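Single-structure report; data block below.
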Amino acid sequence: TGENTPGEFAWNDDINSSSIPDFPVKGMIGGKEVQFAYINFEKWRGSNDHVINFSLVKPEQNCGFIENFEGFTLINKGGEIKQGPFVKSKFADDPKTYTASIKQGGNRSTDTWNCAMEIESITDKTVKGKLVIFFNDASRSWVAGRFEAALCNN
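The numbers in my numbering rise by one with no breaks, and the one at position 151 of the sequence shown is 151.
Laid out in structure tokens, this is it:
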């Protein structure tokens, strides 16, 4: 479990919706704190995949392709990410149709993860919410906080 004191945010192997911190989204990859230049929420026609990307680099235009993407991705394969809560408390819990990964230096992680997320609103242009995802990797990577994502229909 995380070695945190009450009220302090820290990596943890067991989370719930009250674990989501109330600060602007940020993350930790490979032991280094990162800030996100761009966040989008993709709805893919055909496959019906829903994807949230937290990118370290901003594309030339909203919903544009990001060459050499680095950051975090949460996917619901063939299903919606809906308004409301989503919780995968423990690393060992079955993620069902969800996958989460870190992409850094061209490599995508395969580490187990846990997540608590609350999608607060979805409009035709933006998705607002908050989340925490912890990865069970050697450097205890994570992404957490409040976010506003550009909505992209692909």
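For glycine and all other residues, C-beta sits at the position ideal for the given N, C-alpha and C.
Since the model is a prediction, treat every value here as computed from it, not as a measurement.
Using a 10 Å radius around the Cβ and a threshold of 16 neighbouring Cβ atoms, would you call phenylalanine 134 buried or exposed?
buried
Which value, in whole angstroms, describes the spacing of the CA atoms of glutamine 35 and glycine 46?
32 Å
Asparagine 16 versus glutamate 67 - alpha carbon distance
34 Å
Given this structure, state the Cα-to-Cα distance separating glutamate 3 from glycine 27, to the nearest angstrom.
Bear in mind that a pLDDT of 48 at glutamate 3, under 50, signals an unreliable position, so the model cannot answer this.
Which class does isoleucine 141 belong to by DSSP, given the choice of helix, strand or coil?
It is worth fixing the name first, because residue 141 is serine in this sequence and not isoleucine. In this structure, serine 141 counts as coil in the three-state DSSP scheme.
Would you check if the stretch 112 to 123 and the stretch 131 to 150 touch, i.e. whether three or more CB-CB distances between them fall below 8 Å?
yes
Burial state of glycine 106, where buried means 16 or more other Cβ atoms lie within 10 Å:
exposed
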